[in-house]
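Counting from 308, one number per residue, gives the positions in the sequence shown under the working numbering. These notes are about the structure you will find just below.
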Amino acid sequence: MACSKVFSGDLPELTDEIMQYLRKDLSTLYSCIFVNRLWCRLAIPLLWEDPFLIPNQHYRCIGAYLSFLNEDSKAKFNEYGIDDKLLLSNTLFNYPSFIKYFDTYRVCRSASKWVVTLIDECNEKLEILVYSCTTYGYGS
308 MACSKVFSGD LPELTDEIMQ YLRKDLSTLY SCIFVNRLWC RLAIPLLWED
358 PFLIPNQHYR CIGAYLSFLN EDSKAKFNEY GIDDKLLLSN TLFNYPSFIK
408 YFDTYRVCRS ASKWVVTLID ECNEKLEILV YSCTTYGYGS
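This is the structure:
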């Protein structure tokens, strides 16, 4: 018990210094979010300060950002026939507040990739449905 009191004083500051040292190592930072709550609270802002830079993953953050739209903007999704279930319902962090670098080209590229990924997922599900229907004799 005494040992934990000794370490509790400077540990958050030391952990923050460790995170700053790992700032450019996104893979290690990502692993840090699973260590404990403190490490997660320190690593998440660093991971989300320029999320559109992350190769091959940049489009995945679009859904998280869209969940922070106001209700009127979310209602527009329904008007255009877009299922609002694509938006995350609750998140642990206010991800938009962590953005420090905003490159409109990368954001647009990420949004396009996000839409293409959604279309691909829908097409895959449709192919499975059509295959299942023809295999089991439905619709013939």
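Glycine included, C-beta positions come from ideal geometry on N, C-alpha and C.
Taking the CB atoms as reference points, tell me whether residue i and residue j lie closer together than 7 Å.
i, j, result
"phenylalanine 400", "isoleucine 340", "no"
"leucine 336", "leucine 353", "yes"
"isoleucine 369", "tryptophan 421", "yes"
Assign residue i to one of two classes, buried (16 or more other C-beta atoms within 10 Å of its C-beta) or exposed (fewer than that).
i, result
"tyrosine 443", "exposed"
"tyrosine 438", "exposed"
"cysteine 415", "exposed"
"leucine 349", "buried"
"proline 358", "buried"
"cysteine 429", "exposed"
"serine 417", "buried"
Whole angstroms are fine: how far does the CA of residue j sit from the CA of residue i?
i, j, result
"lysine 407", "isoleucine 435", "42 Å"
"alanine 456", "tryptophan 355", "Given that the chain is displayed from residue 308 to residue 447, the structure contains no residue 456 and the question cannot be resolved."
"leucine 425", "isoleucine 361", "19 Å"
"threonine 441", "phenylalanine 384", "33 Å"
"tyrosine 402", "aspartate 410", "16 Å"
"aspartate 323", "serine 338", "15 Å"
"leucine 333", "leucine 345", "17 Å"
"threonine 398", "alanine 382", "19 Å"
"leucine 451", "arginine 367", "With the chain covering 308 to 447 only, the question about residue 451 has no answer from this structure."
Report the three-state DSSP secondary structure of residue i (helix, strand or coil).
i, result
"isoleucine 406", "coil"
"arginine 413", "helix"
"asparagine 401", "coil"
"aspartate 427", "helix"
"lysine 432", "helix"
"lysine 331", "coil"
"tyrosine 438", "helix"
Can you list, in chain order, the stretches of the alpha helix (DSSP H) that have 4 or more residues and sit fully within the stretch 336 to 399? 344 to 354, 368 to 373 and 378 to 386
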